[in-house]
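Q: So in this note's numbering, the last spot in the sequence shown is 510, and the numbers never skip.
Virtual Cβ for every residue (Gly too), placed ideally from N, Cα, C.
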Amino acid sequence: MGGEPPPAEGTNVEGESPDAEPTVETDDATITDDAELERTLGLSGGLAIGIGTMIGAGIFVFPGLAAGQAGPAAAGSFAIGAVVALLVALPTSELATAMPKSGGGYYFISRALGTLAGAVVGLSLWFGLVFATAFYLVGFGYYAVDTLAELGIAVGDGLVIPIALLFGAGFTVLNVTGTENAAKLQNGIVALLLSILVAFLGYGGLDAVGLVGESAAPEQFAPFGTLPILTTAALVFTSYLGFAQVATVAGEMKDPGRNLPLAMVGSVLAVGILYVVTIFVATSAFGSETLAGFGETAMVEVGRHYLGAAGAFAIVFGGLLATMSSANASILSTSRAIYAVSRDALLPKRASRINLRYGTPHVALGLAGGPILVLTATGRVELLAEVASFLHLIMYGLICVALIALRRNEPEWYDPDFRVPGYPVVPALGAIASFAMIGFMQPTSQLVGVGIMLTTAGWYVYYARDVNLRGEL
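1. If we ignore side chains and look at the alpha-carbon of each, how far apart do E447 and M136 end up?
2. For E46, list the residues DSSP reports as bridge partners.
3. Taking S321 and A245 to be in contact with their CB atoms under 8 Å, please state how far apart those CB atoms are, rounded to whole angstroms.
4. Taking its Cβ as the centre, do 16 or more other Cβ atoms sit within 10 Å of V213, making it buried, or is it exposed?
5. The alpha helix (DSSP H) spanning I266 covers which residue range?
6. Between N505, I436, Y500, N365, which has its C-alpha nearest N49's C-alpha?
7. Would you tell me roughly how many angstroms separate the C-alpha atoms of L510 and S147, rounded to the nearest one?
8. Considering only residues of the same chain and omitting the five flanking positions on each side of T516, which have a CB-CB separation below 7 Å?
9. Take L264 as the anchor and find which of G303, I375, S114, S325 has the nearest alpha-carbon.
10. Under 8 Å Cβ to Cβ from L174, same chain only, skipping five residues before and after it: list those, please.
11. Straight-line CA distance for I117 to A270?
12. Does the distance from the C-beta atom of I86 to that of V286 stay below 8 Å?
13. Mapping DSSP to helix, strand and coil, what is L440?
14. Tell me the DSSP secondary structure of E53 in three-state form.
15. Taking the beta carbon of S161 as the centre, do at least 16 other beta carbons fall within 10 Å, making it buried, or is it exposed?
16. So within the stretch 391-446, which uninterrupted alpha helix (DSSP H) runs reach at least 4 residues, ignoring any that extend past its ends?
17. Within the chosen definition, does the stretch 351-359 reach the stretch 266-283 through at least 3 CB pairs nearer than 8 Å?
18. Of all the options L234, E46, G193, which has the alpha carbon lying nearest to the alpha carbon of I92?
19. With a cut-off of 8 Å on the beta carbons, I'd call F172 and V418 a contact; round off their distance for me.
20. Around the C-beta of I88, are 16 or more other C-beta atoms found within 10 angstroms, so that it is buried, or is it exposed?
21. Can you tell me whether DSSP reads E449 as helix, strand or coil?
22. Could you give the DSSP three-state label for T493: helix, strand or coil?
23. For Q257, is the classification buried or exposed, using 16 other Cβ atoms within 10 angstroms of its Cβ as the cut-off for buried?
24. Helix, strand or coil for M290 per DSSP?
25. Under 8 Å, do A122 and Y277 count as touching if we go by C-beta distance?
26. For the putative contact between L222 and L358, defined by C-beta atoms under 8 Å, what is the C-beta separation to the nearest angstrom?
27. Determine, using beta carbons only, whether T376 and A401 come nearer to each other than 8 Å.
28. What number of angstroms, rounded off, separates the C-alpha of A422 from the C-alpha of L428?
29. Cβ atoms of P260 and G108: under 8 Å apart, would you say?
30. Can you give me the C-alpha to C-alpha distance between L393 and I469, rounded to a whole angstrom?
31. Hey, could you find the ends of the alpha helix (DSSP H) T209 is sitting in?
32. If we require 3 or more residues per run, which beta strand (DSSP E) segments fall completely within the stretch 320-390?
33. Can you tell me where the alpha helix (DSSP H) holding D183 begins and where it ends?
34. Going straight from the alpha carbon of G416 to that of G279, what length do you get?
Below, the structure is given as C-alpha cells:
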C-alpha cells in the first residue's frame with residue numbers, strides 16, 4: 038500500500054479548500070468520507086480497461102489515414118507509439134502504487150510538481166479526453182453508416198455526425214447509472230473484439246505472407262521517406278491513450294502493487310502487436326493510395342479483400358464495438374478526471390458531487406458529456422485525434438518528471454509497491470520521447486493544444502492560485 042502525501046491546503050476563489058480527509062486504503066476498498074470505491078478489479082479487469090480503451094481507433098479508424106501518410110512503414114509508426122507508451126507506463130505504474138487514488142496522472146503531478154502543473158494537467162486531461170472521446174464517436178458514426186450500408190440501407194455520410202451525437206448522449210447516461218454496468222459492457226465488448234481480431238489478423242497474416250491465397254507483389258516499405266513515419270506516429274499515438282486509464286482506477290484494484298504494472302505493460306504490448314500486424318495485413322491487401330482513398334473505414338475493405346462479405350461484416354461489427362468501447366471508457370475517465378480536480382478545489386466543489394442513488398459522479402459526467410458533443414459535431418477526425426494526443430503527451434512527459442522529482446527527494450510518505458527498472462534512464466527517456474512527439478504534429482493541433490494549456494493556466498491563476506497541493510518533498 039502506498040503512503041499518503043501531506044494534506045493539501047489553501048482555498049480557491051469561492052473559499053472552498055481541497056478535501057483533506059485522508060483516504061483510507063484497505064485491501065477491499067478505497068474509503069473516503071462520502072463514498073467507498075470497492076476493490077473489485079483484478080488483473081483481467083485492468084487489462085480489459087487498458088486494451089478496451091486502446092483497441093478502438095488504432096485498428097479501425099487509423100489504417101487508411103496512416104497508410105496514406107507513411108505507406109507500409111506506418112507499422113513502424115505504431116511501433117514507435119508503443120515504445121513511447123511503454124516508457125511512460127512503467128513510471129506511471131510506480132506512482133500509481135505509491136498513490137493509488139482515482140485520478141491517475143493528474144494526482145501524481147499535482148503532488149510532486151505543485152498546483153500549477155497539476156491544474157494545467159488535470160484540466161487539460163479533461164479536454165484531452167473530451168477530444169479523444171469526440172474522435173471515437175465520429176469514428177463510431179462512420180462505422181454505423183457503414184453497417185447500415187452492409188445491410189443494404191444506404192444513408193450516406195450525412196448521418197455520421199447525428200448518429201455520433203445520439204450515442205455520445207447515450208453513453209453519458211449509461212455511465213451515470215453505475216460503473217459496474219459500464220464495466221460489464223466493457224469486458225464483454227473486449228472479449229468479443231479480441232476474438233474477431235485474432236481470427237481475422239491470423240488469416241490475413243498468413244495470406245499476406247503468402248501461405249494461403251495468392252501472393253501479392255509487396256509495395257516499397259517507406260514510399261514517402263522517413264519523416265512521415267514520425268508525423269504518422271504522432272497522429273496515431275491516440276491509439277495508445279488507454280494504458281494510463283488503468284492508473285485512474287488504481288483505488289478500485291485488488292493487489293495494485295502486482296496487478297497495476299502488469300495490466301499497464303501487458304495492455305500496451307498486446308495492443309501494440311495487434312496494431313503492427315493490422316497495418317501489415319492492410320498494406321498487403323491494398324496499396325497505400327487505395328487504402329487512403331477508403332478513409333476512416335478502410336479496414337472494412339481489407340476484411341472484404343480477405344474474407345469476402347463475411348469479412349467486411351465482421352470488421353464493420355468489430356469497428357462499431359471498438360469505437361463504442363473506446364468512447365464509453367473515455368467518458369468514464371473524463372468524469373473521473375473532473376472529479377479529482379474538483380475535489381482539490383481547482384474546479385467548484387459541485388462538480389465532485391456523487392449521485393447517492395448510483396454512486397457515480399453525475400455532475401462530472403454532465404461536464405464531460407456536454408463538450409464532447411460540441412466537438413463531435415465538428416467531425417474533424419485528424420485534428421481531434423492529434424489534440425487529444427498533444428494534451429496526453431504533456432501529461433505523460435510530466436509524469437516521468439514527477440517520478441524523477443519524487444525519487445530524488447524520497448519523502449517519507451513515498452513508498453511504492455513497484456519500482457521502475459532502469460531508473461533514471463527510463464523516466465528520462467519517457468519524458469524526452471513524449472515531448473519530442475508533439476513536435477511532429479500538424480501546426481493546427483499544436484496551436485489548439487497550447488491554447489488549451491494557456492487557458493487552464495489562466496484559470497488556475499484566477500480561481501485556485503492559493504491552493505497548495507504539493508506534498509513536501
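A: Reading it off the structure:
1. 14 Å
2. N505
3. Contact holds; Cβ gap of about 3 Å.
4. buried
5. 264-273
6. Y500
7. Caution applies to L510, whose pLDDT of 49 falls short of 50 and renders its modelled position unreliable; the value that the coordinates give is listed next. Cα to Cα, the separation comes out at about 12 Å.
8. What is shown of the chain runs 38 to 510, which leaves residue 516 out entirely.
9. S114
10. A201, L202, F204, G205, T360, A364, I409, T413
11. So the two alpha carbons sit approximately 6 Å from each other.
12. yes
13. helix
14. coil
15. buried
16. 399-413, 418-446
17. no
18. Nearest C-alpha to I92: L234.
19. Yes, they are in contact, since the Cβ atoms of F172 and V418 sit about 6 Å apart, within 8 Å.
20. buried
21. coil
22. helix
23. exposed
24. M290: strand per DSSP, three-state reduction.
25. Against a cut-off of 8 Å, the Cβ pair of Y277 and A122 comes out as a contact.
26. Rounded, the Cβ-Cβ distance is 10 Å, inconsistent with contact.
27. Just to set this straight, residue 376 is Tyr in the shown sequence, not Thr. Yes, these two residues count as a Cβ contact at 8 Å.
28. 10 Å
29. yes
30. 43 Å
31. 197-213
32. none
33. 152-187
34. 22 Å
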